Amino acid sequence: MTYTTLGLSVNPLPMARERTVRQELVVSAYQSFDPDNVASFLVTFAEYICAQSRALLRGDVVGPADPLIPGVRASAVYASIPVFFDDDFSVYQDSSPPTVLVWLIPLPREDAEFVKTQGWEPFEDMLESTAVDFWDLNRPPLAR
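Read in my numbering, the sequence shown has 109 at position 109, and its numbers run on one by one without any break.
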């Protein structure tokens, strides 16, 4: 199942070099994970982003902290481009500034720490070279 925010983009968020962007968030998980818990996580995370008053950038990691939802391994999220959707899905051009959809990839603690210490480019290289079950909130870490 895929969940998105609707309304986060009402307020443009600052980026680097005095630019702003509108954002909406996207997260996907298997239906076996309680939809109410996943939706609750997404709403809480969107509120967090609003409170930070800063746009998420590609490669940003938030966490690790408590599990994203009760009983799962994922305890952080990675901000990325929604590559599993049509190209037109990633940016809505008819707003000013444009609205960017940010794919939140749930991460186990080890992967979050890898991105924070090694950078997002090596992590994305691992994502591309490994069979990753992106929808499993209990997936094992890639970084070992």
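Backbone N, C-alpha and C define an ideal beta-carbon position, used for all residues, glycine too.
Predicted, not measured: the structure shown is a model, and the values here were computed from it.
- Query: Using the beta-carbon count (16 or more within 10 Å), is V26 buried or exposed?
  - Reply: buried
- Query: What are the uninterrupted segments assigned as beta strand (DSSP E) that are 3 or more residues long and contained completely in the region 41-103, given in chain order?
  - Reply: 76-80
- For V72, which of M1, Y3, F123, D136 has the nearest alpha-carbon? D136
- Query: Taking buried to mean at least 16 other C-beta atoms within 10 Å of its own C-beta, is Y48 buried or exposed?
  - Reply: exposed
- Reduced DSSP category for S32 - H, G, I as helix; E, B as strand; rest coil: coil
- Task: Using the Cα positions of A46 and T5, report the straight-line distance between them to the nearest angstrom.
- Result: 7 Å
- Between the CA atoms of D34 and F154 - distance to the nearest angstrom: Because residue 154 is not part of the residues shown, which for the chain are 1 to 144, the question remains open.
- Query: Helix, strand or coil: which one does DSSP assign to L107?
  - Reply: strand
- Taking the DSSP output, what are the residues bridged to E24? L101
- Task: Please report how far the alpha carbon of P140 lies from the alpha carbon of P108, in whole angstroms.
- Result: 7 Å
- Going by the CB atoms, is the gap between W103 and V61 shorter than 9 Å? no
- Residues in its own chain within less than 7 Å of I105 by CB, not counting five upstream and five downstream? V77, Y78, S80, F134
- Message: Just list the residues that DSSP pairs P140 with in beta bridges.
- Response: Bridge partners of P140: none, in fact.
- Query: Using the C-alpha atoms, what's the distance from V115 back to L142?
  - Reply: 11 Å
- Message: Taking 6 Å as the limit between beta carbons, can you name the residues of its chain near G59, skipping five residues before and five after?
- Response: W120
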